[in-house]
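The structure appears right after this line, and notes come after that.
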Amino acid sequence: MSLLTSLARLRALDEGIAQPIATVRHFHLSQRPMVFIPLKLSGEAAAPLAAMLGSDRERPHLFVVTQPRNRDLRFAWTAEVAGVLLPYIESFTNDTETVERRNADPYERALDAPQIIVPNQAGVAFTRLLGRSTRFRSTEGPYPVPESVPLLGRWLTYFAERAAYPGSSLMPAATEELGRHWASGQSGLEDANLAALLGWITTGPSDEAEDPLIWPPAGPATDPGFDAEVLAPAIESESAERITEALRTQLEPTWRLMWQAIDLLAALPEGASVAQRWEQDRGSFSGMAVHISEGAPPQARRDGAVAAAAKLARMERAQAAYDVQRAYDDPLVMAEYRLTGEAFAGEVVETVPDNTEGEGRSRKLRPLVVIKTDDPVLLPPGTSLGTPQRRGQGAELVEAGQGLVTLKITKGMGRGKTPAPGAVPEIGERVCYTSLTDDFQGSPALPEAEATPWTHGGPPQEYVPDDEDAQEEWS
Amino acid sequence: MSGLKREGDHVHRLEALRGITPQQPHDARAIAALAANPGCTRRALMDGAGIDKDAAARHLGFPAPFGQSPFAITRGNMFEALVKADGCAELLRMLRELLGLPVAEVSYHDVENVGAHLRHAHTRALIDRAAREGQDAGTLYDHPLLSLDIAGHTAYLEPDVVAFQLGGRFHIVEIKSFAVIDGQADPSAVAAAARQAAVYVLALRNLLEELGHDPLKVSHDVVLVCPENFANRPVATLVDVRKQLAVLRRQLTRMTTLDRLLEELPDDLSFDLRPDEDGRPTRPVAELADALRRTTARYAPDCLSACDLCFFCRDEARQEGASDLLGRQVRDELGGVASVAEALGLADGTRDPAEGQEEIARLLRNAERLRRECLN
Ligand code: SF4
Numbered sequence: 001m002s003l004l005t006s007l008a009r010l011r012a013l014d015e016g017i018a019q020p021i022a023t024v025r026h027f028h029l030s031q032r033p034m035v036f037i038p039l040k041l042s043g044e045a046a047a048p049l050a051a052m053l054g055s056d057r058e059r060p061h062l063f064v065v066t067q068p069r070n071r072d073l074r075f076a077w078t079a080e081v082a083g084v085l086l087p088y089i090e091s092f093t094n095d096t097e098t099v100e101r102r103n104a105d106p107y108e109r110a111l112d113a114p115q116i117i118v119p120n121q122a123g124v125a126f127t128r129l130l131g132r133s134t135r136f137r138s139t140e141g142p143y144p145v146p147e148s149v150p151l152l153g154r155w156l157t158y159f160a161e162r163a164a165y166p167g168s169s170l171m172p173a174a175t176e177e178l179g180r181h182w183a184s185g186q187s188g189l190e191d192a193n194l195a196a197l198l199g200w201i202t203t204g205p206s207d208e209a210e211d212p213l214i215w216p217p218a219g220p221a222t223d224p225g226f227d228a229e230v231l232a233p234a235i236e237s238e239s240a241e242r243i244t245e246a247l248r249t250q251l252e253p254t255w256r257l258m259w260q261a262i263d264l265l266a267a268l269p270e271g272a273s274v275a276q277r278w279e280q281d282r283g284s285f286s287g288m289a290v291h292i293s294e295g296a297p298p299q300a301r302r303d304g305a306v307a308a309a310a311k312l313a314r315m316e317r318a319q320a321a322y323d324v325q326r327a328y329d330d331p332l333v334m335a336e337y338r339l340t341g342e343a344f345a346g347e348v349v350e351t352v353p354d355n356t357e358g359e360g361r362s363r364k365l366r367p368l369v370v371i372k373t374d375d376p377v378l379l380p381p382g383t384s385l386g387t388p389q390r391r392g393q394g395a396e397l398v399e400a401g402q403g404l405v406t407l408k409i410t411k412g413m414g415r416g417k418t419p420a421p422g423a424v425p426e427i428g429e430r431v432c433y434t435s436l437t438d439d440f441q442g443s444p445a446l447p448e449a450e451a452t453p454w455t456h457g458g459p460p461q462e463y464v465p466d467d468e469d470a471q472e473e474w475s
Numbered sequence: 476m477s478g479l480k481r482e483g484d485h486v487h488r489l490e491a492l493r494g495i496t497p498q499q500p501h502d503a504r505a506i507a508a509l510a511a512n513p514g515c516t517r518r519a520l521m522d523g524a525g526i527d528k529d530a531a532a533r534h535l536g537f538p539a540p541f542g543q544s545p546f547a548i549t550r551g552n553m554f555e556a557l558v559k560a561d562g563c564a565e566l567l568r569m570l571r572e573l574l575g576l577p578v579a580e581v582s583y584h585d586v587e588n589v590g591a592h593l594r595h596a597h598t599r600a601l602i603d604r605a606a607r608e609g610q611d612a613g614t615l616y617d618h619p620l621l622s623l624d625i626a627g628h629t630a631y632l633e634p635d636v637v638a639f640q641l642g643g644r645f646h647i648v649e650i651k652s653f654a655v656i657d658g659q660a661d662p663s664a665v666a667a668a669a670r671q672a673a674v675y676v677l678a679l680r681n682l683l684e685e686l687g688h689d690p691l692k693v694s695h696d697v698v699l700v701c702p703e704n705f706a707n708r709p710v711a712t713l714v715d716v717r718k719q720l721a722v723l724r725r726q727l728t729r730m731t732t733l734d735r736l737l738e739e740l741p742d743d744l745s746f747d748l749r750p751d752e753d754g755r756p757t758r759p760v761a762e763l764a765d766a767l768r769r770t771t772a773r774y775a776p777d778c779l780s781a782c783d784l785c786f787f788c789r790d791e792a793r794q795e796g797a798s799d800l801l802g803r804q805v806r807d808e809l810g811g812v813a814s815v816a817e818a819l820g821l822a823d824g825t826r827d828p829a830e831g832q833e834e835i836a837r838l839l840r841n842a843e844r845l846r847r848e849c850l851n
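Protein chains in written order, with the numbering used here: chain A, 1 to 475; chain B, 476 to 851.
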């Protein structure tokens, strides 16, 4: 958290209402999102209890495991969930565009991709476990399951893994996304409560949000009081209807909150780089769809050493890119860097648009710009700079002091003797420059998977699920 | 009251604080939680006096938000029964693998057989003999009863654990029902189990020391037994609890040096709940709340998962407009500016920075300027 966000939290606490910490939406919000609220049986790692899901807010599907300890009913439940999620996911695979690549064959990328929204991080974690517990199941042999069960398991695993990828919007958690755009007047810990966080954003805090009788927890854990007083007797009674209705009362309030969260986030204009990140999501999704259709085995239980290192490096780069893109897209995020001296903004007070460097043929246009700023500039001369106002340009800091910064534009000026109209900021224009640039070193030289050093476990074995996987107890 | 040491004034003072409220026995979970907020005087005093904080919070109208689902309890009991079935057969199998047990024969000793009142003495005698003889055969002690001194009171610990001796070294075994999936478990659950196991390690070490043996005969590696993947099959892992031990020791030392805290208290201060015959508190709520407020709390959002008084203290922090409410991170970011109004005053420029606050005031003013600029 930055001081800027801390200040927003203080203000929120003082005014009794959450404060914005973003001016644009930093994730892609689908036109047709799938809301997925799973509940699990307390005390178990991944025993599903119920789920409310759907992409139509008026018509949620409710699936319940009416005897949570019965393993056949669990698989039947998983098949029911698959009956909604798989057609939704597959509906995005048909419409594609052809993407040309340098040094590689062109590939087909989905024009749009599924988006499964869960209430919170714990919902993502449960999705991952649900995927883990179903993707190795076999459709034949001693404990056969419907074909859709292992298939759903692979997709759930994919979505949950993708949720950990910085900037991905395939499986957002509502509390995370809300918390990225608003600062409440409570702690981050309390922000994990969807009802409480939405309360702060809409009407102000209320104790009701923490009363499980008014706002049941958004899952996957249920309220212990509900377990003891309602669910346990209902299970005891063996009445499927009673159990279903009991769980409906726990899910319906969260269902409404989820759509309220979606409406709030939809009202924010989308950040400029969001489409680019969503394009990566679409590409990733298409890759997974091809993978599955080609009959590749389910994801391994664990990544091999090289795959894990490569993934980590990819995630770090994605995080860095995501941070920079958000700053470029959103002045309020950029303000954090202005506060720490890594960016500055102000008014152009002087320009030398036709300044040149070099002689003869190597003579280059290097316009000079002087900016008056109130920001503390801590960057040394020679620092490379970028600017959200002209993303194709690069500049270099010449000198800074006494509220004035001189810089010269070094990249993106073209070959002309004079700058193109609009290429150099005008006097009086407000501009912002920063040392953050979306220009990252390439992938670290990692050995190919087959060349994993023996110190890291030797070449990874292609994962082949065995019978033991398929018959693994799920009790 | 058994185990109460009648030495030192502060014991009397703590008794006075408790009044006629029966002393709340500490279990390992409660002792482990002592370390959760070591800086809090209110908690140190209430725990030292042995007040039931859950009952106090309920009476104050701020019941703690902790509850355990009957499903989780059933599951935990089932798993423990499974691990311990047939004289801990399953447990022995795992220990053999994990610790490379050389012996085929391992003896099993259920201390519970001797009856509750004798268990502690019996445990002592057994452990003493084992440590003295340095017998190499592995022995399992099921249901041992250990003790630990908490601020002058003896807390008895009834672990679902087994102390295991092998080659002259004791290991604490902790059975938990959260799952280890593909070699990974919920880190917060593991951390809680480690804190709890550290309490047993410390108790057993103290016992050995009292008996004149080397306390380091108790390993700092505890054996954590959990179900593996989605089945009920148990798997054992060694967990190093040195860090948890250090924190625990520090906190217990602090509890035994409550004297200074006690000296600063007004004479008439009492946490007595004044329970009636049925154990229902009769103390006027406002009076009890007032008594609590006369001791210094140190609320942090972490209290919400660690201390029964959390809603009471949070409410107090709200009324005081304390920046603690927002979490330690915000508090650190503010460089020690403790009140919301003060921080906002510095940001708005309506308040002049006190000495030492110049830097944070400059940052806050700058942050405020930037927020205004961006949101207009
Ligand atoms: S809840 Fe209150 S008494 Fe308990 S540790 Fe926190 S501040 Fe101290």
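Ideal Cβ placement from N, Cα and C applies to all residues, glycine included.
None of the values given here were measured: they were computed from a predicted structure.
The ligand SF4 heavy atom lying under 7 Å from the CB of residue i
i               : result
L784 of chain B : yes
R793 of chain B : no
N512 of chain B : yes
A772 of chain B : yes
R670 of chain B : no
R109 of chain A : no
R493 of chain B : no
R518 of chain B : yes
C778 of chain B : yes
C788 of chain B : yes
C515 of chain B : yes
Contact check, residue i vs residue j, beta carbons under 8 Å
i               : j               : result
A539 of chain B : C849 of chain B : no
R670 of chain B : A510 of chain B : yes
A246 of chain A : V230 of chain A : yes
R399 of chain A : T410 of chain A : Checking the sequence, you will find Glu at residue 399 of chain A rather than Arg. Not a contact, by the Cβ cut-off of 8 Å.
E100 of chain A : P106 of chain A : yes
H181 of chain A : L62 of chain A  : no
T757 of chain B : L520 of chain B : no
F645 of chain B : K718 of chain B : no
P48 of chain A  : T127 of chain A : no
A842 of chain B : L268 of chain A : no
S435 of chain A : L385 of chain A : yes
Q498 of chain B : H595 of chain B : no
L197 of chain A : G225 of chain A : no
Where residue i meets chain A, residues with beta-carbon distance less than 9 Å
i               : result
G824 of chain B : Simply none; closest approach about 13 Å.
R735 of chain B : In chain order: nothing, as chain A lies at least about 31 Å away.
Chain-ordered neighbours of residue i on chain B, where CB pairs are closer than 7 Å
i               : result
I227 of chain A : Checking the sequence shown, residue 227 of chain A turns out to be Asp, not Ile. Ordered by position in chain B, the residues that pass the 7 Å Cβ test against D227 of chain A are S544, P545, F546.
P14 of chain A  : Contrary to the premise, residue 14 of chain A reads as Asp rather than Pro in this sequence. By Cβ distance, chain B contributes V815, L819.
Contact test: residue i Cβ vs the ligand SAM heavy atom, cutoff 7 Å
i               : result
C432 of chain A : Ligands in the displayed structure: the ligand SF4; the ligand SAM is not one of them.
Listed by chain order, chain B residues near residue i by CB distance under 8 Å
i               : result
D374 of chain A : R844
Beta-carbon neighbours of residue i, restricted to chain C and to distances below 8 Å
i               : result
R302 of chain A : Note that chain C does not occur in the displayed structure, where the protein chains are A and B.
Per-residue contacts from residue i into chain A (C-beta, under 7 Å)
i               : result
V665 of chain B : The premise fails here: V665 of chain B is roughly 14 Å from chain A at the closest Cβ pair, so nothing lies under 7 Å.
A654 of chain B : A45
C849 of chain B : T23, P331, L332, A335
S898 of chain B : Residue 898 of chain B lies beyond the residue range present for chain B, which begins at 476 and ends at 851; the question has no answer from this structure.
Residue i: contacting residues in chain A (beta-carbon distance under 8 Å)
i               : result
E808 of chain B : M1, S2, L3, S6
L535 of chain B : The premise fails here: L535 of chain B is roughly 15 Å from chain A at the closest Cβ pair, so nothing lies under 8 Å.
*asked:* Within 8 Å, do at least three Cβ pairs link the stretch 136-150 of chain A to the stretch 113-127 of chain A?
replied: No, because fewer than three Cβ pairs between the stretch 113-127 of chain A and the stretch 136-150 of chain A fall closer than 8 Å, the two stretches do not touch.
Output the residue ranges of the alpha helix (DSSP H) runs that lie fully inside the stretch 202-261 of chain A and measure 4 residues or longer, sorted by chain position. Counting only runs of 4 or more, we get 232-237.
Self-check item: Inter-stretch contact at 8 Å, needing at least 3 Cβ pairs: the stretch 530-537 of chain B / the stretch 781-797 of chain B
Solution: Judged by pairs of C-beta atoms under 8 Å, the stretch 530-537 of chain B touches the stretch 781-797 of chain B, as three or more such pairs exist.
* Could you tell me whether the stretch 659-669 of chain B touches the stretch 52-70 of chain A, where touching means 3 or more Cβ pairs closer than 8 Å? => Three or more beta-carbon pairs separated by less than 8 Å are not found between the stretch 659-669 of chain B and the stretch 52-70 of chain A, which leaves the two stretches without contact.
Item to complete: Could you name each continuous alpha helix (DSSP H) segment of 4 residues or more that falls completely within the stretch 728-787 of chain B, going from the start of the chain to the end?
Response: Given a length threshold of 4 residues, each whole run of the alpha helix (DSSP H) inside the stretch 728-787 of chain B is given here in chain order: 734-738, 760-768.
ask   = Taking three-plus beta-carbon pairs below 8 Å as touching, is the stretch 26-43 of chain A in contact with the stretch 548-556 of chain B?
value = Enough Cβ pairs lie closer than 8 Å, so yes.
Worksheet item: Do the stretch 11-23 of chain A and the stretch 201-220 of chain A make contact, defined as three or more Cβ pairs closer than 8 Å?
Response: Segments in contact, yes.
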